[in-house]
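In the numbering used here, the protein residues as written are 20 to 180.
This is the structure:
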């Protein structure tokens, strides 16, 4: 396989496996120069999937996982001690549970907002399609009217020139 094909498939694989869609990866996958991708994205107003949002989501997942691990360690420690748990452990678990709940609310709110945006985008697309269809209908009606006027002006004779 040529070096170009290796680079192409490496970029495609990285994107497929959730890698960040950097300009370089997109350019390689599309067979374009990075400057071309940037120019087109700017001209067409592409919205970047913010790297900051991706990093934030990953951090939240890591925090969530660490907090769950912590609760499990506390539970394991109490099981091994065969104790009901002291006041400090119970307070710690309670605080962690509230934090986990809040993280869940944050991510749920973002998911709901994304769903609403997707729904709004779909509704906008439908509206634009209907508007486009109506414009085409009006253009056809207008063209028929112009043809009818021209035929009437010529006494019903079509143009033979």
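We put the CB at the ideal spot given by N, CA and C, even for glycine.
Under 8 angstroms between C-beta atoms of residue 54 and residue 31: Cβ atoms of residue 54 and residue 31: not closer than 8 angstroms.
Contact the region 108-123 vs the region 145-158: 3+ CB pairs below 8 angstroms: Result no; under three Cβ-Cβ pairs closer than 8 angstroms.
8 angstroms CB neighbourhood of residue 56 in its chain, flanking five on each side removed: Annotation for residue 56: 42, 45, 46, 49 place their beta carbon closer than 8 angstroms to its own, counting only its chain and skipping 5 residues before and after.
Cβ separation of residue 90 and residue 122, assumed to be a contact under 8 angstroms, to the nearest whole Å: About 13 angstroms separates the two Cβ atoms, so there is no contact after all.
Start and end residues, alpha helix (DSSP H) containing residue 28: Looking at the DSSP string, the run of the alpha helix (DSSP H) that includes residue 28 is 22-35.
Neighbourhood of residue 87 by C-beta distance below 8 angstroms, restricted to the same chain and skipping five residues each side: Answer for residue 87: 119, listed in chain order.
Near the ligand COA: residue 143 beta-carbon under 7 angstroms from a heavy atom: Only the bare structure without any ligand can be found here, which leaves the ligand COA out of the picture.
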